[in-house]
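Numbering (UniProt numbering), first residue to last: 1 to 676.
The beta carbon of each residue, even a glycine, is placed where N, CA and C say it ideally should be.
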């Protein structure tokens, strides 16, 4: 991560940020930031007084006016630099994303030859050949062959489905994967602009929308600006009453020092940096609003398959049938899987080792591996000594045993149904003419998910798992995963109902999913995180996309959202405390010559009214670039209650915002007073 941040701050980014700092001085651009627009107007007024001193009668104050103009100009440039730097980091991330983007390859059939092309080059009517392990490059229909296809990204079901030409089961969707055999697919849709390309433009920050909290903060800043504008305007007649001369540049300097220029200059940078931080985790956000909303999430809805669980069925138990010993079942189950490279096959061997059984690998020497076929729905080994071991769907193995003149155990059906009723998948294991038992396959919880949900609980976020499984299976998975609640046998409309029920209680809801069946819920949720491996419908409905397809990454997104809110709150607290401190530091110094009694309030012992103004103005300009790294990096987030968070902000940034100006302005005044 450190190396990535260094790349984000390389010379080219800094160079463009400096250039953009001047471009953003355009009043049409500055008007979008009312606080800094007031500063720019003041800067232009002082510039006119410098250019036409005779007209304004300010010839004697040229040196002071020049100093004020330079400091105000640098204040504007520093604020613009913060925003330009944040935008530059986003653009750099987008450029990196463009380079790293990988397109799905397609085996396009041209005549009798195969031509490898990018999926984006495919057109409606093109024919592609998709073999075992390959991704289907686009929506289409099977015109030849039969294959087992993993559609978990679309349907949420972990069990593969059979696709064949003709009938109701010929339609295939881009992004699904062929797990066995080979098919020819005719593409039925025209490619449009890729989703990732659309996201790249969003990463660049060009169309970032202001969030409700940001709009509220802008309103606060404008209100404070108006209040201090009134204060400064009323100071002029008060000063004249005491025979104190307050030239226009002095009043402008005072206004700039008192209005919240610090947070005004960093506000846009904070929002853009929030979007940039999620891209560093390979998450693309459609807007800053989505990032910020994630910081206020109360409830998280998670799809089970592929999100909480692997989505791949894994061996979890060996169930003997008849009078077979478990050790014999494990032996032949492992033998049938010794050369099976599928996740299911590897899981059988892993379970065998966990239960401390040994594999007689010598039996497989010289044997022939029988691959899974959609027609037979079995796989296994033909051993060198002539014996045949098979594993596969219970009905397929039963028919195979009958064809071998073998006997089907009486309890096979009962135990297979029991596994199925619990949401698992039974695979029968047979040797020659005897069935030895069942391998219980089930979708297993991803490692570390329980700890992840504990983290969410510490953040005050309630987790709800939605699954199409029956209540018994759903309860088991929910308990293993550690979610707070679950909804079993849920349909797309059930997920939406859960989200709406939470929203009606005033809660913000996040949803993660990857399938077409998740799209309505992703659209309804306040924060929808879709997996890049999921369907186009899911990605279009969501307002965030995870390029790594890691559902648990929502925790990082929530942390970044909370970090964005904390950063804005911390810097706002610091800025307002700064303004209060500067007010009480400058006003006594300005009036103590005419009102000696106010000298008691000049606790910093500032040298003169002019040195006090210049010192405060210089401090005001310098503090913005000093806070840019904090705005870019964000305040470190630690799970805690709102009360503790408020107390922490007031202690660190409130008290710090009061103390720092006193120290900084005094140090600058010592140097400025010597110059004056």
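Would you give the residue range spanned by the alpha helix (DSSP H) that residue 657 belongs to?
655-675
Apart from the five residues just before and just after residue 524, which ones in its own chain have a Cβ nearer than 6 Å to its Cβ?
496, 499
Where does residue 233 sit, in a helix, a strand or coil, going by DSSP?
helix
When you compare the CB positions of residue 45 and residue 252, do they come within less than 8 Å of one another, or not?
yes
Going by DSSP in three states, residue 355 sits in which element: helix, strand or coil?
coil
Report the three-state DSSP secondary structure of residue 122 (helix, strand or coil).
coil
Got a sec, what are the start and stop residues for the alpha helix (DSSP H) residue 451 sits in?
449-458
Cα separation between residue 557 and residue 655?
30 Å
Sort 658, 607, 572, 603 by Cα distance to residue 630 and report the nearest one.
572
So, under 8 Å CB-CB, residue 79 and residue 36 are touching, yes? Tell me the CB distance rounded to an integer number of Å.
5 Å
CA-CA distance, residue 526 and residue 659?
40 Å
Going by the C-beta, is residue 268 closer than 7 Å to any heavy atom of the ligand MG?
The ligand MG is not among the ligands present in this structure, which contains no ligands whatsoever.
Measure the Cβ-Cβ separation of residue 487 and residue 466 and say whether it is below 8 Å.
yes
Against chain B, does residue 491 count as a neighbour if the rule is that its beta carbon must be under 8 Å from one of theirs?
Among the chains in the structure shown there is no chain B, since it carries only a single protein chain.
With distances taken between CB atoms, is the gap from residue 162 to residue 148 smaller than 8 Å?
yes
Out of 107, 241, 25, state which residue places its alpha-carbon closest to the alpha-carbon of residue 187.
107
What are the residues that DSSP puts in a beta bridge with residue 163?
147
Coarse secondary structure for residue 24, derived from DSSP in three states
coil
Return yes when the Cβ of residue 428 is within less than 8 Å of the Cβ of residue 387, no when it is not.
no
Quick check: residue 139 and residue 305, are their CB atoms within less than 8 Å of each other?
no
Taking just the CA atoms, how far does residue 394 sit from residue 376?
11 Å
Which of the three DSSP states, helix, strand or coil, is assigned to residue 113?
strand
Distance, residue 649 Cα to residue 569 Cα
8 Å
Using C-beta distances below 7 Å, list every residue in its chain close to residue 332, excluding the 5 sequence neighbours before and after it, in chain order.
389, 429, 431, 436
Our contact map puts residue 538 next to residue 514 with C-beta atoms below 8 Å; I'd like the distance itself, whole angstroms only.
6 Å
Nearest by alpha-carbon distance to residue 216: which of 584, 264, 113 is it?
264
For the alpha helix (DSSP H) containing residue 253, name the first residue and the last one.
248-258
On the DSSP letters alone, give me the boundaries of the beta strand (DSSP E) that residue 509 sits inside.
509-513
For residue 364, the first and last residue of its enclosing beta strand (DSSP E):
Counting along the chain, residue 364 falls outside any beta strand (DSSP E), and DSSP gives it neither H nor E.
I think residue 128 touches residue 122, with their Cβ atoms under 8 Å apart; what is that distance to the nearest whole Å?
7 Å
Segment contact flag, the segment 324-342 with the segment 367-382, C-beta cutoff 8 Å, min 3 pairs:
yes
Assess, as a yes-or-no matter, whether the segment 314-321 is touched by the segment 473-485 under the definition of 3 or more beta carbon pairs within less than 8 Å.
no
The beta strand (DSSP E) spanning residue 434 covers which residue range?
434-445
Using CA atoms only, rank isn't needed, just tell me which of 484, 462, 483, 489 is closest to residue 469.
489
Please classify residue 234: is it buried, with 16 or more other beta-carbons within 10 angstroms of its beta-carbon, or exposed?
exposed
Looking at C-alpha atoms only, which residue of 112, 566, 54, 438 is the closest neighbour of residue 293?
566
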